[in-house]
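A.B. asks: Numbering (the working numbering), first residue to last: 32 to 203.
Glycine is no exception: its CB is placed at the ideal position from the N, C-alpha and C atoms.
Before I ask anything, here is the structure I am working with.
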């Protein structure tokens, strides 16, 4: 018997952080427009500042679109792989658990049956990345877990975590 602790889902909190470049882009665009309009009667050198703000705005907009688009595509690909069963799986006890402090500045990590995992709340990524100090479900050595993950280049994207209940013998 297993109790599901985590399944791959869209993390809206992370999505809010992705809005920062969009908000900055809009702000820089508005400032640039106002500078250009106020200095329309002045020399081109003075209007250059407004143009610079608009160029920065455009760059930030491109960054936002790229990051948001790649995040959505990665999530969709991971979900498709997970639902089709094309993931790796490990079951066992958490070992070498290293918690991430609430302040960050470190990665949380652990191993199960020789397979190592690491993540941080402060790294935007698809899949499970919630440290215990921030309410995560992996909290200590000895937890009996089943984890499904997608091996990537230098990391493993966790898409499913379940706590495996101990089997009781017949007659107990």
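(1) So is residue 48 buried or exposed if we call it buried at 16+ other beta carbons inside 10 Å?
(2) Hey, would you say residue 139 sits closer than 8 Å to residue 147, going by beta carbons?
(3) For residue 123, list the residues DSSP reports as bridge partners.
(4) Pop quiz: residue 66 and residue 46 are said to be a contact at Cβ under 8 Å. What is the actual Cβ separation, rounded to whole angstroms?
(5) Kindly indicate which three-state DSSP category residue 65 falls into: helix, strand or coil?
(6) Kindly list the residues whose CB is nearer than 6 Å to the CB of residue 175, restricted to its own chain and excluding five residues on each side of it in sequence; keep chain order.
(7) Hey, could you find the ends of the beta strand (DSSP E) residue 34 is sitting in?
(8) Check each candidate in 162, 172, 197 and name the one with the smallest Cα separation from residue 37.
(9) From 130, 41, 52, pick the residue whose C-alpha is nearest to that of residue 168; which is it?
(10) In chain order, what residues of the same chain have a beta carbon less than 8 Å from the beta carbon of residue 83, not counting five sequence neighbours either side?
(11) In whole angstroms, give me the CA-to-CA distance for residue 96 and residue 57.
(12) Under 8 Å between the Cβ atoms of residue 172 and residue 120?
C.D. replies: Taking the coordinates as given:
(1) By the Cβ-count criterion, residue 48 is exposed, with fewer than 16 other Cβ atoms from all chains shown falling within 10 Å of its own Cβ.
(2) Contact: no.
(3) In DSSP, residue 123 forms a bridge with 176.
(4) In fact, because the Cβ distance is near 31 Å, the residues do not count as touching under 8 Å.
(5) In the three-state reduction of the DSSP assignment, residue 65 falls in the helix class, which pools H, G and I.
(6) For residue 175, where only same-chain residues beyond five positions count, the Cβ hits under 6 Å are 124, 195.
(7) Segment 33-38, the beta strand (DSSP E) holding residue 34.
(8) For the residues 162, 172, 197, the minimum Cα distance to residue 37 belongs to 162.
(9) Its Cα nearest to that of residue 168, the residue 130 stands out among 130, 41, 52.
(10) Result list for residue 83: 63, in chain order.
(11) Each residue's Cα considered, the two are about 13 Å apart.
(12) Inclusion of residue 172 and residue 120 in the CB contact set at 8 Å is not warranted, their separation being larger than that value.
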